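In the numbering used here, the protein residues as written are 1 to 93.
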Amino acid sequence: MTKAELVDKIAKDACITKKAAEQALASVESGVQDSLKKGKKVTLVGFGTFSVAKRAARNGRNPQTGAVIKIKACKVVRFRPGKTLKTVVNSGR
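Structure (structure tokens):
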């Protein structure tokens, strides 16, 4: 599903204009980004939790040459799905 398709679905389900749905989605995205930037978790009960984790510096290998390269430490976004989301995804078996 693309962002445009998600905006269409929000507009249809909430009986609002596409412009209003796009603004609502942008607000959610901005809120999640701002919280993660501050190092806070974002929990959407039933859906999942977004969090920031630190990845330590490590050595890697260039797959073409096999040479050892250093990979810098960085922060990464993690997502842990909630129970409801897991149930919905796994019921399609």
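We put the beta carbon where it would ideally sit given N, CA and C, even for glycine. Small disclaimer: the values here were computed from a predicted structure and weren't measured.
Worksheet item: Under a Cβ-count criterion, where at least 16 other Cβ atoms within 10 Å of its own Cβ denotes burial, should Ala14 be classed as buried or exposed?
Response: Burial call: exposed.
Worksheet item: Is it buried or exposed for Val7, if we count other Cβ within 10 angstroms and need 16 for buried?
Response: Under this definition Val7 is a buried residue.
Discussion item. Can you give me the C-alpha to C-alpha distance between Thr84 and Phe47, rounded to a whole angstrom?
Written reply: If I take the Cα positions, the gap works out to 6 Å.
Discussion item. Cys74 and Arg55 - do their beta-carbons sit closer together than 8 Å?
Written reply: Their beta carbons are under 8 Å apart, which means Arg55 touches Cys74 by this criterion.
Discussion item. Quick check on the burial criterion: 16 or more other C-beta atoms within 10 angstroms. Buried or exposed for Ala21?
Written reply: By the neighbour-count criterion, in which 16 or more other beta carbons inside 10 Å mark a residue as buried, Ala21 falls on the buried side.
Discussion item. If you reduce the DSSP assignment to three classes, tell me which class Ser91 lands in.
Written reply: Reduced to three states, the DSSP call for Ser91 is coil.
Practice prompt. Tell me, please, which residues DSSP counts as bridged to Thr43.
Written response: For Thr43, which the question treats as bridged, DSSP gives the partners Thr49.
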